[in-house]
Each structure stands twice: as structure tokens, then as C-alpha cells.
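Asker: Below: one structure in C-alpha cells.
Chains as they are written, first to last, in this note's numbering: chain S, 29 to 138; chain U, 3 to 118.
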């Protein structure tokens, strides 16, 4: 079992819709969770971090964490074509190292 | 804040030569720096972790004598690919964490290495 699992996609949503990206992790003691956005040919950019169960909102982005289910998600409201990218879920299991999922490719169609 | 730069952004070298890539934290002191490699359409692969003033910790399967890492100061880490071969052609990305956000990694823009 991979440490961090994501659906590779591609996930396609129409402009203005909600995009839902999901991630599961295997190390139950993980405490820190992150979502990165990576445009093609570019390096990852941190867009959300979450450390506690529940929801965390930042603009059009909402991260959701459920430690009991070992599940973290990212919702993008009012999706825009500029949101088209690969989204990487990252989990820090021991507060010193980061494990990345393979990423979900999102396409927002105008 | 939390800006990380890399130099060069692109480099082409001949097989057998060595290439040095610099990673700098511009507005914070990086307690830890990480080096990743990413092949086309694949995810990030951690190569090594380095703390200022100490030897880097390499991931399993990464040759430490081929990928030399020097973390000489709290704002600078370098990766030297020695005796490069075409299979080393990849996108090399560094990241850094600082005291204020020790769990959040901020990435540099990456260096695209092509070995001919």
C-alpha cells in the first residue's frame, strides 16, 4: 500500500463547478497535511495546509481532514480554467519528512 | 515570504561532466532543505534531506557519491550531479522549511537538466 494515495485522474469539471480532490494516507500518526498545485513544467506551489480535523477555508479552497478515516480532501469552488493543474497531496508523518501522492490532474473546461 | 530560488533554471551538459545546482532561501533561514527529482508525468521523488552544517541524508537507491549535496549555510544548499549521464536528465527541485513553519515545504522553481 502506498503511503499517500490519490486518484490520478484526469478529473474534468466545467467552469464554475466544484472540483473535489481526494487523498488517503496510511500512517495513522500523521499530523500535518498539505495540498500543492503544480502546473505543467513548473514546481509545486503550496496552497493549503491543515493540521486539525474538520474544514479549513481559504478563498475558493477548502481542505477537509478526517484523521479517523485517514482521509484528506480539497474542494475548489467556482473552478476556473486557471485551476487546471496537477494537485499533489502531501503528508508529514513524523514532522520531519514529507510524503507526496502521485497527484490528480484537474482540467477545468470553459 | 518563504521564497526559494534555484539556479540555473535550465542546463544542458555533455555526458561525463558535472553540474552544480544552487538552492537559496531568500527571505528566511532554511533549517532543512530537500532535493527532489521529477521525471515527465511522474510524481516527485525525494532524493535527500540536508540540514545546515551536517551531512545530507539520502533516500534508498540514491547514490551519495553521484549526487553531492552541500548545505553550507542557512540560506544555501547545492546539489552537484557528478559524471552526468543521459539517464540523469530530469527536473530537479529543491524545497526548504524554516523555523516559523517547520512542517511546510516551499519549493524553488526547479532546474531542468538535459545531459547529451
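Virtual Cβ for every residue (Gly too), placed ideally from N, Cα, C. Since this is a predicted model, take the numbers as computed values, not measurements.
Helix, strand or coil for residue 109 of chain S, going by three-state DSSP, please let me know.
Answerer: Working through the first chain from its first residue, we reach residue 109 of chain S at position 81. Note: residue 109 of chain S maps to helix in three-state DSSP.
Asker: Let me know the secondary structure DSSP gives residue 88 of chain U once reduced to three states.
Answerer: For the purposes of this step, residue 88 of chain U is taken as residue 86 along the second chain, with counting starting at 1. DSSP places residue 88 of chain U in helix when its eight states are reduced to three.
Asker: Would the stretch 21-34 of chain U and the stretch 73-82 of chain S be scored as touching if the rule is three or more Cβ pairs under 8 Å?
Answerer: No: fewer than three Cβ pairs fall under 8 Å.
Asker: Below 8 Å on the Cβ atoms is my contact criterion, and I expect residue 71 of chain S with residue 23 of chain U to pass it. Report the Cβ-Cβ distance as a whole number of Å.
Answerer: Within the first chain, the letter at position 43 stands for residue 71 of chain S. Within the second chain, the letter at position 21 stands for residue 23 of chain U. So it is not a contact: roughly 13 Å between Cβ atoms.
Asker: Do residue 86 of chain U and residue 64 of chain U come within 7 Å of each other at the CB atom, strictly closer than that value?
Answerer: Position 62 of the second chain, counting from 1, holds the residue named residue 64 of chain U. Position 84 of the second chain, counting from 1, holds the residue named residue 86 of chain U. The answer is no: Cβ separation not under 7 Å.
Asker: Is there a C-beta anywhere in chain U that falls below 7 Å from the one on residue 40 of chain S?
Answerer: Sequence index remark: in the first chain, residue 40 of chain S carries index 12 (1-based). Taking Cβ atoms only, chain U never reaches closer than 7 Å to residue 40 of chain S, which makes this a no.
Asker: Using 8 Å for Cβ pairs, my map puts residue 107 of chain S next to residue 136 of chain S. What's the rounded Cβ distance?
Answerer: Here residue 107 of chain S refers to the residue found at position 79 when the first chain is read from its first residue. Here residue 136 of chain S refers to the residue found at position 108 when the first chain is read from its first residue. With a Cβ gap of about 4 Å, residue 107 of chain S and residue 136 of chain S count as contacting.
Asker: Anyone know if the C-beta pair for residue 132 of chain S and residue 34 of chain S falls short of 7 Å?
Answerer: Here the question's residue 132 of chain S lines up with position 104 in the first chain. Here the question's residue 34 of chain S lines up with position 6 in the first chain. In contact: residue 132 of chain S and residue 34 of chain S (Cβ atoms closer than 7 Å).
Asker: Got a sec: which bits of the stretch 53-77 of chain S sit with their beta carbon under 9 Å from any beta carbon on chain U, in order along the chain?
Answerer: Those residues of the stretch 53-77 of chain S that come within reach of chain U (Cβ to Cβ, closer than 9 Å) are 59, 60, 62, 64, 66, 69, 70, 71, 72, 73, 74, 77.
Asker: Measuring CA to CA, which of U:26, U:10, U:21, U:14 is closest to residue 109 of chain U?
Answerer: Working through the second chain from its first residue, we reach residue 109 of chain U at position 107. The shortest C-alpha separation from residue 109 of chain U is found at U:26.
Asker: For chain S, check one thing: does any of its Cβ atoms lie closer than 7 Å to the Cβ of residue 81 of chain U?
Answerer: In the second chain, counting from the first residue as 1, residue 81 of chain U sits at position 79. Judged by the 7 Å Cβ criterion, residue 81 of chain U is not in contact with chain S.
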